[in-house]
Amino acid sequence: MKRFHFVGSLTSLLLLSSGMAVQGAITCSMSDYSGTYAFYTTGSLLQLPPQAAVLLGPFSQSGIFTSDGQGNVIIESTASYNGFVQSGNSAATYTITPECLVTFSLNLPFPLAVPSTFASVLSGSNRQNIVMITDPPGSVIVGRHAKQDQRFCGLADFNGAYQIDISGSISQPRERAGLFQRLGRLVADGAGNFTAKTLGNYAGRLVQEDFNGTYDVSAKCFVNLKYTYGGESLAINGALGGHGETAMVMVTSPGWAVSGQLRAQQ
Numbered sequence: 113m114k115r116f117h118f119v120g121s122l123t124s125l126l127l128l129s130s131g132m133a134v135q136g137a138i139t140c141s142m143s144d145y146s147g148t149y150a151f152y153t154t155g156s157l158l159q160l161p162p163q164a165a166v167l168l169g170p171f172s173q174s175g176i177f178t179s180d181g182q183g184n185v186i187i188e189s190t191a192s193y194n195g196f197v198q199s200g201n202s203a204a205t206y207t208i209t210p211e212c213l214v215t216f217s218l219n220l221p222f223p224l225a226v227p228s229t230f231a232s233v234l235s236g237s238n239r240q241n242i243v244m245i246t247d248p249p250g251s252v253i254v255g256r257h258a259k260q261d262q263r264f265c266g267l268a269d270f271n272g273a274y275q276i277d278i279s280g281s282i283s284q285p286r287e288r289a290g291l292f293q294r295l296g297r298l299v300a301d302g303a304g305n306f307t308a309k310t311l312g313n314y315a316g317r318l319v320q321e322d323f324n325g326t327y328d329v330s331a332k333c334f335v336n337l338k339y340t341y342g343g344e345s346l347a348i349n350g351a352l353g354g355h356g357e358t359a360m361v362m363v364t365s366p367g368w369a370v371s372g373q374l375r376a377q378q
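Counted from 1, the sequence shown has number 237 at position 125 by this note's numbering; the numbering is strictly sequential.
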C-alpha cells in the first residue's frame, strides 16, 4: 500500500510541476514582443467619422510591425480601403500583460487619422500574433502576424511551392465584384519567376485560374508578385515571415480588398 501511495503522490507532484511549467511558459513582458513581424489584415470598416465615410466597406492591409521591445512600434504597410489602395508608415505604442495579451494604440493612417485600439494574443513562443480592433466600435478587422527571422532578403528567399490562401472583396471591375476567395498552389523558382494553379471564387462563381508572372524581393523582405490574367494586370505584395516559409500578402490592384497568406508546402 505504501508503494502505491508513493507512486500516486509522485504522479500528483509531476502533474503539479507540469502545470506550473505551463503557467510559467506563458508569462510575458514588454521585451517579449520585439523584432519585426510580417502581417496581413482583413475585414470591414462599418462606422467612420463623416469626413471618412467614402472609405466605408471592405478593408485589407499587409506589411510589417517593427517593435523595439519597449512599447513602441513602427508600422510599414499598404492598405486597401474599399478598393482605394495606398502605402505609408505609422507609429503605435503597446502594452503587454503577463498573460501575453497585447494592446496597441495608434491612429489609423491617412486619410482617417482616427484614434484606435487593437487587442491581440501572442502564441507560438511569441512568434505568432492574432489582432482585432476594439475601438472605435462598429468595425470588424482581424490581423495575423508572423515573426521574421531574417535581416536581409533576396530573390532566393522566396523559393519553392506555396499554398495560396487569400480572401476578401472586389469592388472593381464590376464583372468580378463581390466576395472573393482564392486557393491554390504557387511555385517560385528563386530567380524572379513563378507559376500558379488556383481556384477562384467570385461571389459563388468558381473559376479555374492558372497563370504565371514575375516577382522581386526587397532587402527588407517585402515580396512583390506581378502577373496578367483576363487582360487585367494584377499585383500581390507583402512581407516574408520566418525564413521565407510564409508570406503575409494582399492584392494591391485598385478595386481589390483581398489579403491572406502564402505558406510553404515543405
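C-beta atoms are modelled at their ideal positions from N, C-alpha and C, and glycine is treated no differently.
Exposure label - residue i; buried when at least 16 CB within 10 Å
{"i": "ALA208", "result": "First, the amino acid is wrong: residue 208 is Ile here, not Ala. Answer is buried; the Cβ neighbour count reaches 16."}
{"i": "HIS257", "result": "buried"}
{"i": "GLY342", "result": "exposed"}
{"i": "ARG294", "result": "buried"}
{"i": "SER172", "result": "buried"}
{"i": "PHE216", "result": "buried"}
{"i": "GLN182", "result": "exposed"}
{"i": "SER121", "result": "The predicted position of SER121 is uncertain, since its pLDDT is 44 and thus under 50; no value can be drawn from it."}
{"i": "GLY155", "result": "buried"}
{"i": "ILE138", "result": "exposed"}
{"i": "LEU220", "result": "buried"}
{"i": "GLY356", "result": "buried"}
{"i": "LEU128", "result": "Confidence at LEU128 is low in this model, with a pLDDT of 41, below 50, so the placement of that residue should be treated as unreliable; the coordinate-derived value is given next. It is exposed - the Cβ of LEU128 has fewer than 16 other Cβ atoms within 10 Å."}
{"i": "VAL185", "result": "buried"}
{"i": "THR358", "result": "buried"}
{"i": "VAL233", "result": "exposed"}
{"i": "GLY195", "result": "buried"}
{"i": "GLY367", "result": "buried"}
{"i": "ASN238", "result": "buried"}
{"i": "MET360", "result": "buried"}
Within 8 Å, strictly: CB atoms of residue i and residue j
{"i": "ILE276", "j": "PHE292", "result": "no"}
{"i": "PRO161", "j": "GLY280", "result": "no"}
{"i": "GLN159", "j": "SER251", "result": "yes"}
{"i": "GLN260", "j": "GLY147", "result": "yes"}
{"i": "SER228", "j": "LEU213", "result": "no"}
{"i": "SER322", "j": "LYS338", "result": "Checking the sequence shown, residue 322 turns out to be Asp, not Ser. Not closer than 8 Å, so no."}
{"i": "LEU352", "j": "ALA191", "result": "no"}
One or two residues paired with residue i in a DSSP bridge
{"i": "GLU188", "result": "ILE176 and ASN201"}
{"i": "SER217", "result": "THR205 and THR229"}
{"i": "PRO170", "result": "SER156"}
{"i": "ARG291", "result": "Note on residue identity: the sequence assigns Leu, not Arg, to residue 291. Note: LEU291 sits in a beta bridge opposite SER281."}
{"i": "THR358", "result": "GLY353 and ARG375"}
{"i": "GLU344", "result": "TYR341"}
{"i": "ILE146", "result": "Note on identity: in this sequence residue 146 is Ser, with Ile being the wrong assignment. According to DSSP, which records beta bridges pairwise, SER146 is partnered with ASP180."}
{"i": "ARG297", "result": "GLN275 and LYS309"}
{"i": "ARG256", "result": "TYR152 and ILE242"}
{"i": "ASP261", "result": "Beta-bridge pairing links ASP261 to no other residue."}
{"i": "ALA164", "result": "Per DSSP, none; premise fails for ALA164."}
{"i": "ALA369", "result": "SER281"}
Residue i - containing beta strand (DSSP E), residue span
{"i": "LEU383", "result": "Any property of residue 383 remains undetermined from this structure, which presents the chain solely from 113 to 378."}
{"i": "ILE138", "result": "First-last for ILE138: undefined, no H or E at that position."}
{"i": "LEU267", "result": "Here LEU267 belongs to no beta strand (DSSP E), and DSSP marks it neither H nor E."}
{"i": "LYS338", "result": "334 to 341"}
{"i": "ARG317", "result": "317 to 329"}
Reference residue i, options the options, closest by Cα
{"i": "GLU287", "options": "ALA315, THR307 and ALA300", "result": "ALA315"}
{"i": "SER383", "options": "ASP301, GLY353 and ASN349", "result": "In the structure displayed, the chain extends from 113 to 378; residue 383 sits before or after that span and is not available."}
{"i": "GLY200", "options": "PRO210, LEU234 and SER189", "result": "SER189"}
{"i": "THR326", "options": "LEU318, THR307 and ALA369", "result": "THR307"}
{"i": "LEU374", "options": "THR148, TYR152 and TYR145", "result": "TYR152"}
{"i": "GLY266", "options": "ILE138, TYR145 and SER330", "result": "SER330"}
{"i": "THR205", "options": "PHE196, ARG263 and SER179", "result": "SER179"}
{"i": "GLY302", "options": "CYS333, LEU157 and GLY272", "result": "GLY272"}
{"i": "ALA225", "options": "PRO248, ASP269 and GLY296", "result": "PRO248"}
{"i": "ALA268", "options": "ASP328, LEU167 and ALA164", "result": "ASP328"}
{"i": "PHE270", "options": "PHE230, GLN163 and GLY354", "result": "GLY354"}
{"i": "SER143", "options": "MET244, PRO210, VAL319 and LEU298", "result": "PRO210"}
{"i": "ARG297", "options": "TYR274, ARG317 and GLY255", "result": "TYR274"}
{"i": "SER345", "options": "PHE334, THR364, LEU157 and GLY312", "result": "THR364"}
{"i": "ARG263", "options": "GLN320, VAL299, PHE230 and PHE334", "result": "PHE334"}
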